[in-house]
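To keep things clear, I will list the structure first and then write my remarks on it.
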Amino acid sequence: MCSMSSSSTTMASAKKILVKHMKVIGGGLMGTSIAQVAVATDHTVVLVNQTEDILVKSRKGIEESLQKVAKKKFVENLKGADKFVTKTLSSILTRMDAASMVHSTDLVVEAIVENLQMTNELFKRLGKFAVEHTLFASNTSSLQVTSLANSTTRQDQFAGLHFFNPVPLMKLVEVIETPMTSQKTFGSLLDLSKALGKHPVASKDIPGFIMNHLLVPYLIEAVRLYERGDMSKEDVNTAMKLGAGYPMGPFECLDYVRLDTMKFILDGWHEMDSKNPLFQPSPSLNKLVAE
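Taken in order, the sequence shown gives residues 0 to 290; the numbers are from numbering that gives the first Met the number 0.
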């Protein structure tokens, strides 16, 4: 009898959280896209940013994106399309005070700039106001999730939740587990990813997780081929598209993700592991970003 009671208590304590209410911090491209996907799958969302101007632009961007979706979904039903856009938008609230918005939510997703100090300060502050069951997640693509988790008092309720751009189209979500992340938290975020219509993959907290850990060295090696004069950018792009079946060549991909973003990631990894040959700075990349 004691054994059964103990087992029951353990199972109850490990019960996963059904995420229905989300707060997305950051009104940029990724934050607004995550909010859009969440409301489209019947989640309630509050989108938070420090300035009203950005929130107005964010809401306008979501509306335009929803209108594109509605045109495809309601081809010959204009009223249905308008109703879809209006209803979906009504599920998104916008606010400027992050702290006042986390007192009643299941999940806080951070999607601000890739700056360790700023992100740590944000999570440290929000941790004081969020209710006990609230999960914290970062959409970072380059920062160490463990370092972010250590800025809070709820390390076991913290993980990475890395979406890919454009969020409405890209099916992949990386769920990043730190050494402190509980199985309850990890399982809850896997379930949420599926509920958002995504395909989650599990990753440990290594630089770049799965996708970028493989992608960034590939992209930078393409630049090094060009720096050494081994071949042209055009031939490298063509080879990888026709030979490997990639939709973009590496130089096209670099332009798409932005050179400054790539430099920021590479610089951060080089600082963490300066002897790793994969993380060495690129003179051409640095020059183009400086210009």
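Quick reminder that beta carbons are idealized off the backbone N, C-alpha and C, glycines included.
In the DSSP annotation of this structure, the continuous segment of the beta strand (DSSP E) that includes Glu173 starts and ends at 171 to 176.
The beta carbons of Ser57 and Leu46 sit closer together than 8 Å. If only complete runs of 3 or more residues are kept, the segment 46 to 98 shows the beta strand (DSSP E) at 91 to 94, in order along the chain.
Here Val172 is buried: its Cβ has 16 or more other Cβ atoms, across all protein chains shown, within 10 Å. Going by DSSP, Lys262 is part of no beta strand (DSSP E) but of the alpha helix (DSSP H) stretching over 258 to 271. Per DSSP, His102 lies in no alpha helix (DSSP H) segment and is marked neither H nor E. Annotation: Ile219 is outside any beta strand (DSSP E); the continuous alpha helix (DSSP H) that includes it extends over 210 to 226. Each residue's CA atom was taken as its position, placing Thr104 and Ala129 some 8 Å apart. Beta bridge pairing from DSSP links His161 with Glu173. Taking 8 Å as the cut-off, the beta carbon of Leu142 is found no closer than this to the beta carbon of Ile16. Boundaries of the alpha helix (DSSP H) harbouring Lys286: 282 to 289, taken from the DSSP string.
Pairing Lys67 with Asn164, the inter-Cα distance amounts to about 17 Å. Shown here for Ile219: same chain residues with a beta carbon closer than 7 Å to its own, the five before and five after excluded, namely Leu265, Ser281 in chain order. Sorting Gly207, Phe208, Val144, His198 by C-alpha distance to the C-alpha of Thr177 places Val144 at the top.
Burial state of Gly159 is buried, judged by a 10 Å Cβ sphere holding 16 or more other Cβ atoms.
Met247: not part of any beta strand (DSSP E); DSSP gives it neither H nor E. Counting C-beta pairs closer than 8 Å gives fewer than three between the segment 197 to 207 and the segment 217 to 235, which falls short of the contact rule.
Relative to the Cα of Thr118, the nearest Cα in the group His132, Ser140, Ser99, Met100 belongs to Ser140. In this structure the segment 25 to 33 does not touch the segment 67 to 87; the number of beta carbon pairs closer than 8 Å is below three. In the structure shown, Met179 adopts coil according to DSSP, grouped into three states. Residues Ala80, Phe83, Val84 of the same chain have their beta carbon placed closer than 6 Å to that of Ala69, with the five preceding and five following residues left out of the count.
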